[in-house]
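Numbering of the sequence shown is given in the UniProt record's numbering, commencing with residue 1 and proceeding in unit increments.
Working notes, beginning with the structure itself.
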Amino acid sequence: RNIKSDRVMPEEIACYYKHYVKVMGLQKNFRDNVYITSVSRLYRGKDDEDRSQQNEDISTQHLEMEDGQKSLIKRNWEVRGYQRATDGSHVPFCLFAENVALATGTFDSPGRLQVEGEDFPFVLHSMSDFGAAISKGKLRGKADPVLIVGAGLTAADAVLCACNNNIPVIHVFRRRVTDTSLIFKQLPKKLYPEYHKVYHMMCTQSHTVDSNQHSAYTSFPEHNVLSFKPEMKCVLQSASGLKKILKFSVALVLIGSHPNLFFLKDQGHSIGRHSNQPITCKGNPIEIDPYTYECTKEANLFALGPLVGDNFVRFLKGGALGIARCLAIRQKKKHELIESGDGGGDGVP
1 RNIKSDRVMP EEIACYYKHY VKVMGLQKNF RDNVYITSVS RLYRGKDDED RSQQNEDIST
61 QHLEMEDGQK SLIKRNWEVR GYQRATDGSH VPFCLFAENV ALATGTFDSP GRLQVEGEDF
121 PFVLHSMSDF GAAISKGKLR GKADPVLIVG AGLTAADAVL CACNNNIPVI HVFRRRVTDT
181 SLIFKQLPKK LYPEYHKVYH MMCTQSHTVD SNQHSAYTSF PEHNVLSFKP EMKCVLQSAS
241 GLKKILKFSV ALVLIGSHPN LFFLKDQGHS IGRHSNQPIT CKGNPIEIDP YTYECTKEAN
301 LFALGPLVGD NFVRFLKGGA LGIARCLAIR QKKKHELIES GDGGGDGVP
């Protein structure tokens with residue numbers, strides 16, 4: 001690692017946690033190659049519940065139906081999905097959990113430009129696809145530059161990746177380089193020197209400054225992509241309405257992404273800050289208690305990371321610790337109630 005930097009890189013954190021599980025013997029608590037298809041509440045009639053075991057280890061909450069005819073009890077979460085075996089087959093499973101934590105991130109549904117030609121195979125929407133193209137040598141020896149669209153950190157990662165592999169870059173984004181909302185202006189230079197390097201190029205190597213578009217990097221601030229053409233060309237339009245046609249080897253559209261919470265009822269719209277709207281990292285994150293990270297609109301459901309608006313790796317530890325602390329406190333209270341002889345009935349989450 002770069003010992004000159006005080007910042008821990010994401011790949012180092014991922015490697016640490018991977019080895020931590022193995023060293024601490026926690027493999028039995030982890031399942032990989034698992035795909036969740038449904039996370040839902042279980043409900044049971046109150047009469048049935050009264051006949052169940054009084055010390056059952058679950059959390060419950062009495063809810064009255066609208067017609068008032070019968071009480072329902074909010075039970076455990078039912079989690080359904082399948083695990084992909086080594087032979088490619090799918091092994092379905094169903095388990096029950098007292099608490100569920102959502103930590104899926106927001107990379108499931110990449111943002112799209114919604115322009116003509118965006119579905120061409122040479123128009124990519126993820127860093128993983130771009131990295132795979134580089135690894136397979138698809139861009140080796142290409143004379144035309146890669147076209148990168150976007151002004152966020154993921155787009156900056158793509159610029160760095162291309163530069164590190166000696167691939168020329170055309171960088172297109174809608175904002176002005178002086179826009180105060182650009183993420184680069186929020187990052188300390190000492191901790192994020194590579195991103196400030198990209199920002200410096202965005203400012204100083206614009207097409208208006210350097211007329212030679214065959215340099216290693218050329219930025220096009222305040223430009224929109226109008227369309228992609230079959231001959232690997234794209235039509236750009238400036239803020240003044242001037243159109244340009246550029247040739248490229250591959251296009252990479254990185255303009256944000258959205259979570260895919262299809263496994264929740266109504267895709268989780270009801271747990272956002274603005275109910276009945278899609279969950280987004282910036283505009284409508286999941287509404288949580290800032291200390292416990294529990295969803296304010298759904299008990300025993302937790303969320304962390306980009307789903308609640310935390311975009312940087314350094315925030316993830318806080319979310320995980322907040323959830324762990326909350327569950328530990330509840331577990332302690334639960335044992336205290338049991339030891340005092342008052343632990344029957346509904347139970348304590």
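Yeah, the Cβ is synthetic: ideal placement off N, Cα and C, and Gly gets one too.
As a beta-bridge residue in DSSP terms, C234 pairs with F228 and L246.
With respect to A101, A303 sits close: the two C-beta atoms are nearer than 8 Å. In the three-state reduction of the DSSP assignment, H207 falls in the coil class. Relative to K197, the option among E231, T292 and V159 whose CA is nearest is V159. When the five nearest sequence neighbours on each side are left out, no beta carbon in the same chain lies closer than 6 Å to the beta carbon of K185.
By the 16-neighbour rule on beta-carbons within 10 angstroms, H274 is exposed. In the three-state scheme derived from DSSP, where H, G and I count as helix and E and B as strand, L95 is classed as strand. At the C-beta level, V253 and F220 stay beyond 8 Å of one another. Taking C-beta atoms as the reference points, P285 and D108 fail to come closer than 8 Å. Using a Cβ distance threshold of 8 Å, F248 and L147 count as a contacting pair. Residue burial annotation: N300 is buried, with at least 16 other C-beta atoms found within 10 angstroms of its C-beta. Residue range Y217 to F220 is occupied by the beta strand (DSSP E) that includes Y217, with no alpha helix (DSSP H) assigned at that position.
The DSSP-derived three-state label of P110 is strand. DSSP, reduced to helix, strand and coil, places T37 within a strand of the structure shown.
With respect to the 8 Å criterion, E298 and C326 are not classified as neighbours on the basis of their beta carbons. Selection R31, Q114 and P110 evaluated against A85 yields R31 as nearest (Cα-Cα). Closest in C-alpha terms to K282, from the list Q237, I338, K138 and G272, comes G272. Excluding five sequence positions before and after S238, the CB atoms of its chain that fall closer than 7 Å to its own CB belong to E222 and H223, given in chain order.
Each of G111, A103, F228 and Q331 was checked against the Cα of G117, and the nearest Cα belongs to F228.
In this structure, G305 lies near G105, with their beta-carbon atoms less than 8 Å apart. If you draw a 10 Å sphere on the C-beta of N276, you find fewer than 16 other C-beta atoms in it, and that means exposed. Contact between V250 and F120 fails: their C-beta atoms lie close to 10 Å from each other, not under 8 Å. Taking 8 Å as the upper bound for CB-CB distance, A156 and Y195 are in contact here, some 5 Å apart. Q205 is a Cβ neighbour of Y217, given a cutoff of 8 Å. Exposed is the label assigned to L26, since fewer than 16 other Cβ atoms lie within 10 Å of its Cβ. Shown here, I329 sits in a helix according to DSSP, grouped into three states.
In the displayed model, Y43 falls within a strand according to three-state DSSP. For I288, the three-state secondary structure derived from DSSP is strand.
By the neighbour-count definition (other C-beta atoms within 10 Å, threshold 16), C15 is an exposed residue.
Within the segment 147-185, the alpha helix (DSSP H) runs of at least 4 residues that lie entirely inside it are, in chain order, 153-164.
If you look at A14, you'll find it isn't in any beta strand (DSSP E); it sits in the alpha helix (DSSP H) that goes P10 to V23.
Assigned with DSSP and collapsed to three states, L301 falls in strand.
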